[in-house]
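Per my numbering, residue 108 is the first one in the sequence shown, and the count goes up by one each step. We put the CB at the ideal spot given by N, CA and C, even for glycine. For reference, the structure is listed below as structure tokens.
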Amino acid sequence: MPTKKPRRTAERILEVTLDLFNRFGEPNVSTTLISAELGISPGNLYYHYPAKDELINALFGRYETALNELLNAADGVRNVEDAWLFFHMLFELIWGSRFLYRDLNDLLSKNRRLETHFQFVLKNKTRAVEAVLAGLTRGSAMRLARPDAAVVATSMVVVLTYWLSYEYVREPRKALEPESAAATLARGAWHVLGLLGPYLEPAAREHLNELAGPYRAV
């Protein structure tokens, strides 16, 4: 049996850095801590990523690519079950790079690439949410006039973007810990879709309530 090739050092660095950033927040993680966690010298880390911003940019690049791929699925949404799955997957993706959202304002203030590219992230999210709303309307799951769609879409994107910050303020000691992921993501999906309540047809609203289950009251 052929031996498995070791993972490239650069990839291992990104994986460990993402884990540390997600656990402790990017401002609280130094390159010295990253190299110690990896068991490599600071010089080896510097060889692959000469600055902390390069680590952040590489992780953001991977997230942005995955996000754009997922947002393309918005065009296929036709009913609330499709929408529930789409937003749940979107929150799962956000959770996987939650340090970006946990420390968003700080990151934007000191990283030019994120400052410019996160504006594209918001625009792409908004276009995808508008596609979801259009699909639900075409699928007769709801009635939403075109002038109202932009306002509703913006509100949904705001919740998407700041939901983890809200959860963190609500329960700072455990909201962003791995064991809280399932409940946090389901609550987020429910509150985003809950904004559609006034526009959903009765059967679609009832089905959404069934999907949300125990998260409706939270």
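Asked, Found
"Starting from the Cα of L271, find the closest Cα among E237, E199, L240 and K217 and give me that residue.", "E199"
"Does the Cβ-Cβ distance between N129 and F225 come in under 8 Å?", "no"
"Taking the alpha carbon of E134 as the reference point, which residue from K230, A173, E286 and N218 has its own alpha carbon closest?", "As written in the sequence, residue 134 is Pro, which differs from the Glu given in the question. With distances taken between Cα atoms, P134 lies closest to N218."
"When you compare each of L251, D126, S148 and H298 to H195 by their alpha carbons, which one comes out closest?", "H298"
"For L152, which option in N179, L121, L178 and G168 has the closest C-alpha, if you only look at C-alpha atoms?", "L121"
"Going by the beta-carbon positions, is the gap between Y306 and L251 smaller than 8 Å?", "yes"
"Starting from L307, follow its DSSP beta bridges and name the residues at the other end.", "M249"
"Buried or exposed, going by whether 16 or more other CB atoms sit within 10 Å of the CB of V276?", "exposed"
"Considering only the alpha carbon of each residue, which of L127, E308, V265 and R280 lies closest to G295?", "V265"
"Between the Cα of T233 and the Cα atoms of T261, G304 and G246, which residue gives the shortest distance?", "T261"
"Could you tell me which uninterrupted alpha helix (DSSP H) segments, each at least 4 residues in length, are contained entirely in the region 128 to 183, listed from first to last along the chain?", "138 to 145, 149 to 155 and 159 to 178"
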